[in-house]
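Visitor: Structure provided below as structure tokens; questions to follow.
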Amino acid sequence: MPELPEVESLAEFLEERAVGRTVLAVDVVAVQALKTFDPPVTALGGLTVTGVARHGKFLDLDCDGLHLVVHLARAGWLRWRDDLSGAKPVRPGKGPLAVRVRFAPGDDGLAPGFELTEAGTQKRLAVYVTRDPREVPGVAALGPDPLDPSFTVDTLRRIVSGSRMQIKGLLRDQKVVAGIGNAYSDEVLHAARMSPFKIAGTLTDAQVADLHEAVVTTLREAVERARGLAAKDLKAEKKSGLRVHNRAGQPCDVCGDTIREVSFSDSSLQYCPTCQTGGKPLADRRLSRLLK
Ligand SMILES: [Zn+2]
190 MPELPEVESL
200 AEFLEERAVG
210 RTVLAVDVVA
220 VQALKTFDPP
230 VTALGGLTVT
240 GVARHGKFLD
250 LDCDGLHLVV
260 HLARAGWLRW
270 RDDLSGAKPV
280 RPGKGPLAVR
290 VRFAPGDDGL
300 APGFELTEAG
310 TQKRLAVYVT
320 RDPREVPGVA
330 ALGPDPLDPS
340 FTVDTLRRIV
350 SGSRMQIKGL
360 LRDQKVVAGI
370 GNAYSDEVLH
380 AARMSPFKIA
390 GTLTDAQVAD
400 LHEAVVTTLR
410 EAVERARGLA
420 AKDLKAEKKS
430 GLRVHNRAGQ
440 PCDVCGDTIR
450 EVSFSDSSLQ
460 YCPTCQTGGK
470 PLADRRLSRL
480 LK
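Just so we're aligned, residue 190 is where the sequence shown starts under our numbering, counting upward by one.
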């Protein structure tokens, strides 16, 4: 699932390639992906892309004041195409293609564009056409962005204070902090040497400062690694840059202990016992409940 660093670099990638181009058409292949009807998606035709932004994990193409807002969800991705002039119309219900954005031909005669694809059967990719991105409910509800200079240690202290949430769940709640999902919350907690099950409100001031440092550094480093990569290379880069997420059974880069996995919410999390939980494996609550 693309998280803040990948969406940030997709935004930069699109900024370089799409700004200044005229939208020829937006073809919605997966009808359920389009969440708005007014203004209609056809209103984007003829408009020029003036900017690309990121809000949490949402991508936002500004087309002369009309915004195409995209959430790639768990299995969505963006694929840039250098020339779509020969592309055939796609019938709904076939394959992973959800939306195709076509631009008018440039001076070189090529008509580039990009495609939003979604693998698997769970269709969650969402596209909105709106005059104001804050009208998208998921954008309106976003907590502070951890890459924004206003996200300070004090911001994080206010967020955790009094919270009864486990820190893993708190970090990936988009209403609390924008842009962090399952992968980077594992990475942040490993960098902060903190148990994912720790209750947020029990963090000391020093731990809040460590966690803040881990959040900002982990995300900045991931953005740096992704910067300049083509959209198609981002997935592999994300995977190779992770130190604990999806690495259960492999040795920890820091201490050599074996990375473990435990169920959490609707998925699983990975962590290093030596670095994060005083060497003790976390109990799998879902499993122990079944065994009772
Ligand atoms: Zn370790």
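For glycine and all other residues, C-beta sits at the position ideal for the given N, C-alpha and C.
#1: Tell me which residues pass a beta-carbon proximity test against ligand 1: closer than 6 angstroms to any heavy atom, given in chain order.
#2: Which residue comes first and which comes last in the beta strand (DSSP E) that contains alanine 287?
#3: Can you give the Cα-Cα distance for aspartate 251 and glycine 240, rounded to whole angstroms?
#4: Relative to the alpha-carbon of threonine 466, which residue among Phe386, Lys427, His401, Leu423 has its alpha-carbon at the smallest distance?
#5: With DSSP as the reference, label isoleucine 369 as helix, strand or coil.
#6: Measuring CB to CB, does leucine 314 end up less than 7 angstroms from glutamate 307?
#7: Give the range of the alpha helix (DSSP H) segment to which glycine 327 is assigned.
#8: Mind checking whether leucine 359 and leucine 305 have CB atoms under 7 angstroms apart?
#9: Just to confirm, are valine 220 and glycine 234 a CB contact at a threshold of 7 angstroms?
#10: Short of 7 angstroms in beta carbon distance, which residues of its chain neighbour proline 470, apart from the five on each side in sequence? Order them along the chain.
#11: Could you tell me if glutamate 324 is buried or exposed, where buried requires 16 or more neighbouring beta carbons within 10 angstroms of its beta carbon?
#12: Can you tell me the Cβ-Cβ gap for aspartate 337 and proline 301, rounded? I've got them flagged as a contact below 8 angstroms.
#13: Would you mind working out which of Cys444, Asp442, Asp473, Cys464 sits nearest serine 457, comparing C-alpha positions?
#14: Output needed for leucine 431: all residues of its chain with C-beta closer than 7 angstroms, excluding positions within five of it in sequence on either side, in chain order.
#15: Provide the residue span of the beta strand (DSSP E) that contains valine 451, from first to last.
#16: Assuming serine 352 is part of the alpha helix (DSSP H), what are its boundary residues?
#17: How big is the Cα-Cα spacing for valine 290 and valine 217?
#18: Taking the C-alpha atoms as reference points, what is the distance between lysine 312 and lysine 421?
#19: Roughly how far, in whole angstroms, is the beta-carbon of leucine 408 from the beta-carbon of proline 194, given that I think they are within contact range, below 8 angstroms?
#20: Among Leu261, Ser350, His256, which has the Cα closest to the Cα of leucine 236?
Guide: In brief:
#1: Cys441, Val443, Cys444, Asp446, Cys461, Thr463, Cys464
#2: 286 to 292
#3: 5 angstroms
#4: Comparing C-alpha distances from threonine 466 to each of Phe386, Lys427, His401, Leu423 shows the shortest one belongs to Phe386.
#5: coil
#6: yes
#7: 326 to 329
#8: no
#9: no
#10: Arg449, Pro462
#11: exposed
#12: Contact between aspartate 337 and proline 301 is absent: CB atoms are separated by about 31 angstroms, not below the 8 angstroms threshold.
#13: Distances from the alpha-carbon of serine 457 to those of Cys444, Asp442, Asp473, Cys464 put Asp473 closest.
#14: Ala372, Glu376
#15: Going by DSSP, valine 451 is part of the beta strand (DSSP E) stretching over 449 to 453.
#16: Run containing serine 352: none; DSSP gives neither H nor E here.
#17: 9 angstroms
#18: Going by the C-alpha atoms only, they are around 21 angstroms apart.
#19: 6 angstroms
#20: His256
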